[in-house]
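Protein chains in written order, with the numbering used here: chain Y, 60 to 206; chain C, 60 to 206; chain P, 60 to 206.
To start, the structure itself, in structure tokens.
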């Protein structure tokens with residue numbers, strides 16, 4: 060997709076489906092512990108900012124390192140995480156970008172234990188299409204408990 | 060869209076996307092405390108009925124007043140609400156209307172505290188398209204704990 | 060739909076919408092206790108496998124019997140179940156089939172009581188289109204607590 064070529068731009072329904080499908084795939088990769096593949100859903104210079112972190116992770120290497128550490132900790136504890144994104148609002152941006160604003164829950168289940176909501180957050184993304192798929196260029200996650 | 064003009068009616072995929080996008084925007088407005096803008100997602104004579112309320116709120120003024128009161132109470136308590144709608148089933152209705160039936164959760168997070176489900180509900184809407192966007196003409200919310 | 064006829068295959072946006080709508084309708088039937096109608100959303104020889112069950116339920120009769128038993132137990136306890144499917148990833152399969160992988164939560168609310176997550180699961184489906192609608196040919200539900 061290049062939005063410089065107007066005719067190639069997806070309609071609203073196609074765009075919305077692409078973002079939903081992207082989010083599903085992205086979060087399943089993370090929750091499956093496939094960190095290296097998950098990191099490829101960010102641009103090379105992507106930024107992951109969160110009000111739970113002192114500083115944003117900038118660039119794929121930093122994003123990968125942070126996710127790998129968290130993934131190992133969950134695996135060591137025997138806890139299955141599930142990231143649920145919902146209430147997705149998509150707004151077309153400039154050129155081949157969209158702004159997406161959604162809610163995200165982290166649901167945790169310890170092995171042999173009780174599933175529960177860990178945190179409720181707001182997730183604000185700027186996504187860019189690189190010709191093959193959508194990628195996260197900038198993500199801001201705001202935990203509701205820390206506001 | 061005018062459904063009097065049959066050719067202009069959206070297909071199933073477009074309709075479903077429009078309802079999902081509408082719900083995301085509508086609930087984000089409410090959870091952001093933007094009550095006046097949220098109220099504009101109902102028709103002027105819209106009805107909001109709930110088994111948790113003794114009587115339906117009829118008309119935008121009544122709907123706005125009820126939502127403003129709740130919003131102020133949450134702000135005073137320092138609690139962030141998130142309305143999650145999901146499992147949306149959309150059925151085309153007569154003319155420029157659709158019937159949508161979905162589940163709705165209210166997730167609450169106190170500042171510095173633990174996110175939790177407040178209530179689980181069934182939400183049944185009659186939506187009408189006014190030429191610009193979808194609006195709620197009639198909403199019935201049924202709390203699962205009060206059935 | 061027959062995917063042997065390439066022109067009749069739905070695009071990605073239509074396919075995704077069809078699966079979302081199918082899941083919404085399917086789960087609403089189950090949570091409404093309409094077990095016989097729900098069972099018709101499986102193929103005649105459909106299989107429902109779960110890591111919570113010693114053996115898969117194979118065929119509509121077995122699937123119906125298991126669901127009817129659970130439904131009666133919930134009704135007797137006065138508990139409303141809500142199955143939430145989300146983070147749906149759809150991949151086109153061979154001929155008139157798709158593979159869908161999603162997360163599923165069961166939310167329970169006792170009458171007069173507090174809604175809570177009962178279990179968090181992974182749901183992996185092979186769906187087949189029979190010309191009229193999608194049906195589940197094979198479902199594998201993996202509870203996160205039993206892994």
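Think of the CB as a built atom: it goes at the ideal place given N, C-alpha and C, for glycine as much as any other residue.
DSSP places residue 95 of chain Y in the uninterrupted alpha helix (DSSP H) bounded by 94–98.
Contact between residue 185 of chain C and residue 167 of chain C does not hold, since the beta-carbon distance rounds to 28 Å and is not under 8 Å. When Cβ-Cβ separations below 9 Å define contact, residue 133 of chain Y makes no contact with chain P. Residue 203 of chain Y sits close to residue 141 of chain C, with the two beta carbons spaced by under 9 Å. DSSP links residue 176 of chain Y through a beta bridge to Y:166. The beta carbon of residue 80 of chain Y falls within 9 Å of a beta carbon belonging to chain P, placing the residue at that interface.
Interface criterion not met: the Cβ of residue 100 of chain C is under 9 Å from no Cβ in chain Y.
Proximity of the segment 173–181 of chain C to the segment 150–159 of chain C falls short of the contact definition, fewer than three beta-carbon pairs being nearer than 8 Å. When CB distances to chain C are screened at a threshold of 9 Å, the residues of the segment 149–181 of chain P falling below it are 166, 167, 168, 169, 170, 171, 172, 173, 174, 175 and 176, in chain order. Fully enclosed alpha helix (DSSP H) runs of no fewer than 4 residues occupy 119–136 of the segment 99–140 of chain P, in order along the chain.
In chain order, 148 make up the part of chain Y whose C-beta sits under 7 Å from the C-beta of residue 84 of chain C.
Listed along chain P are 139 and 170, each with a C-beta nearer than 7 Å to that of residue 206 of chain C. Taking 9 Å as the cut-off, the Cβ atoms of residue 71 of chain C and residue 68 of chain P do not count as close. Chain order gives the chain Y residues near residue 72 of chain P as 72, 73 and 76, where near means a beta carbon separation below 7 Å. Two segments are said to touch when three or more pairs of C-beta atoms, one from each, lie closer than 8 Å; by this definition the segment 142–157 of chain C touches the segment 140–155 of chain Y.
With contact defined as three or more Cβ pairs closer than 8 Å, the segment 108–124 of chain P and the segment 92–99 of chain P are in contact. Residue nearest to residue 200 of chain C within the set C:165, C:188 and C:190 is C:165 (criterion: CA-CA distance). Ranked by Cα distance from residue 179 of chain Y, the first of Y:88, Y:109 and Y:99 is Y:109. The residues 118, in chain order, have a CB closer than 7 Å to that of residue 104 of chain Y in the same chain once the five nearest residues on each side in sequence are set aside. Burial state of residue 112 of chain P is exposed, judged by a 10 Å Cβ sphere holding fewer than 16 other Cβ atoms. Close to residue 97 of chain P, with beta-carbon spacing below 9 Å, lies no residue of chain C; the smallest spacing is near 14 Å. In summary, residue 206 of chain P is exposed, with fewer than 16 beta-carbon neighbours lying within 10 Å of its beta-carbon over all protein chains present. In chain order, 143, 145, 146, 162 and 164 make up the part of chain C whose C-beta sits under 9 Å from the C-beta of residue 143 of chain P.
Selection P:106, P:90, P:86 and P:83 evaluated against residue 187 of chain P yields P:106 as nearest (Cα-Cα). The three-state secondary structure of residue 189 of chain C, taken from DSSP, is coil. If the five residues before and after residue 81 of chain P are omitted, its C-beta is found closer than 8 Å to the C-beta atoms of 100, 186, 192 and 193, all from its own chain and listed in chain order. Secondary structure at residue 200 of chain C: strand, using DSSP grouped into helix, strand and coil. The Cβ atoms of residue 76 of chain P and residue 77 of chain Y lie no closer than 9 Å to each other. Proximity to residue 170 of chain Y across Y:182, Y:87 and Y:139 peaks at Y:139, based on C-alpha coordinates. Residue pairing for residue 157 of chain Y: DSSP places it in a beta bridge opposite Y:151 and Y:186. Within chain P, the residues whose beta carbon sits less than 7 Å from that of residue 87 of chain Y are 146, 148 and 160, listed in sequence order. Around the beta carbon of residue 163 of chain Y, a 10 Å sphere encloses 16 or more other beta carbons of the protein chains shown; the residue is thus reported as buried. In the structure shown, the three-state DSSP call for residue 195 of chain Y is strand. Per DSSP, residue 206 of chain Y lies in no alpha helix (DSSP H) segment and is marked neither H nor E.
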